[in-house]
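Participant: My questions will all concern the structure given below.
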Amino acid sequence: MITYKIHLIRTGSTSANPWKRYVGQSDIPLCEKGREALKQLREEFTYPSVDVVYSSPLCRCLQTAEILYPGYQPIIIEDLKDMNLGAFEGKTFEELRSEEAFSRWLADSFKNTPPGGEKTEDFTNRVVKAFNGVLRHMMEQKTQSAAIITHGGVIMSLMAAVALPQLPLHQWAANNGCGYTLMTSAQMWMRDRCAEVFSFIPDQSIEDDMDTYGFYFNEKV
């Protein structure tokens, strides 16, 4: 039975990090600190060898791919974009905390949507669709290992939807440049729409500051 390994890797950090801004689909580049941190990770750890690299179209992901997988031409997958945060985009918690729509969103993001933004259910369906497209492409091209460079919220949403063991979404938070390896087969995916967690990338570090925002989708890069 043919198995497929897909390495989900979170993009490096940007200038939004120090300000703790909610950044979803704004196309901002890596900051110098983010670039250096990725280079240090690459020097200290061995990233998985892959046949192909897929990426969100946003420049911070493409720049991350260039640093971690030099020499590869990433295949851009539009549905690997981060969540559309609508009116909350680019703002900080302090700037939003007095807004009623923001409070409702924090209290229950599945029932409430950022004004002009994306529903949580739609976001989850989109990233699972993107993952399915990656797998189908790998099967068609007869490749068995791939890296997906994308956003923290995308990784958490996808892991919560398809990963075994099943864990709450917030437990799938990952540091910049880190992530998880999923392994599945055509039979397993077509039958159960799931994939087994095979390993951490490049170590077992997870982000410990998610509670700063109180909401699991808030991608801070």
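Be aware that the sequence shown starts at 3, since it is given in our numbering, and climbs by one per residue.
We treat Cβ as the ideally placed atom computed from N, Cα and C, and that holds for glycine.
Residues in its own chain within less than 7 Å of I78 by CB, not counting five upstream and five downstream?
Facilitator: Excluding residues within five positions, the ones whose Cβ falls inside 7 Å are S57, P59.
Participant: Looking only at DSSP bridge pairs, what is H225 linked to?
Facilitator: It is not possible to answer for residue 225, since the shown part of the chain is limited to 3 through 223.
Participant: Just how far apart, CA to CA, sit L43 and V54?
Facilitator: For L43 and V54, the distance between alpha carbons rounds to 20 Å.
Participant: Could you check where the alpha helix (DSSP H) with I203 kicks off and where it finishes?
Facilitator: I203 -> not in any alpha helix (DSSP H); beta strand (DSSP E) instead, spanning 197-203.
Participant: Any contact of the region 84-91 with the region 171-185, i.e. 3+ C-beta pairs under 8 Å?
Facilitator: No, because fewer than three Cβ pairs between the region 84-91 and the region 171-185 fall closer than 8 Å, the two stretches do not touch.
Participant: If you run the structure through DSSP and keep just helix, strand and coil, what is T122?
Facilitator: Helix, per DSSP.
Participant: Would the beta-carbon of N178 fall within 8 Å of that of G36?
Facilitator: Yes, the Cβ-Cβ distance between N178 and G36 is below 8 Å.
Participant: Classify D210: buried if its beta carbon has 16 or more other beta carbons within 10 angstroms, exposed otherwise.
Facilitator: Here D210 scores only 37 on pLDDT, less than 50, and its place in the model should not be relied on; the value that follows carries that caveat. With fewer than 16 other Cβ atoms within 10 Å, it is exposed.
Participant: Just verifying my parser: in three-state terms, what is the DSSP assignment at S57?
Facilitator: Three-state DSSP puts S57 in a strand.
Participant: Mark E38 as exposed unless 16 or more other C-beta atoms lie within 10 angstroms of its C-beta, in which case mark it buried.
Facilitator: So E38 counts as exposed.
Participant: Let's test the definition: count the other Cβ atoms within 10 Å of the Cβ of P116 and tell me whether it reaches 16, buried, or not, exposed.
Facilitator: With 16 or more other Cβ atoms within 10 Å, it is buried.
Participant: So, for Q146: in the same chain, excluding its five sequence neighbours on each side, which residues have a beta-carbon less than 8 Å away from its beta-carbon?
Facilitator: Around Q146: I4, T5, Y6, K7, D53, M140.
Participant: Give me, in chain order, the residues of the same chain whose beta-carbon lies closer than 7 Å to that of F125; leave out the 5 immediate sequence neighbours on both sides.
Facilitator: Here the set comprises M85, S159.
Participant: Using DSSP's beta-bridge definition, name the partner residues of G78.
Facilitator: Looking at the sequence shown, residue 78 is not Gly but Ile. Note: I78 sits in a beta bridge opposite S57.
Participant: May I ask you to report which of helix, strand or coil DSSP gives A165?
Facilitator: DSSP places A165 in strand when its eight states are reduced to three.
Participant: Cβ of V136 within 8 Å of Cβ of A163?
Facilitator: No; because the gap between Cβ atoms is not below 8 Å, this pair is not in contact.
Participant: Could you spell out where the alpha helix (DSSP H) holding F104 opens and where it closes?
Facilitator: 102-109 is the span of the alpha helix (DSSP H), which, as asked, contains F104.
Participant: Using three-state DSSP, classify T66 as helix, strand or coil.
Facilitator: Of the three classes helix, strand and coil, the one that applies to T66 here is helix, per DSSP.
Participant: Apart from the five residues on each side of it in sequence, which residues of its chain come closer than 8 Å, Cβ to Cβ, to K121?
Facilitator: T115.
Participant: Below 8 Å on the Cβ atoms is my guess for T13 versus C63; work out the distance and round it to an integer in Å.
Facilitator: Right, their Cβ atoms sit about 5 Å apart.
Participant: Is DSSP giving S207 helix, strand or coil here?
Facilitator: Unreliable positioning characterises S207 in this predicted model, as indicated by a pLDDT of 45, which lies under 50. The coordinate reading is nonetheless provided below. S207 falls in the coil class under three-state DSSP.
Participant: Report the rounded CA-to-CA distance for C33 versus T66, giving the unit in angstroms.
Facilitator: Cα to Cα, C33 sits roughly 11 Å from T66.
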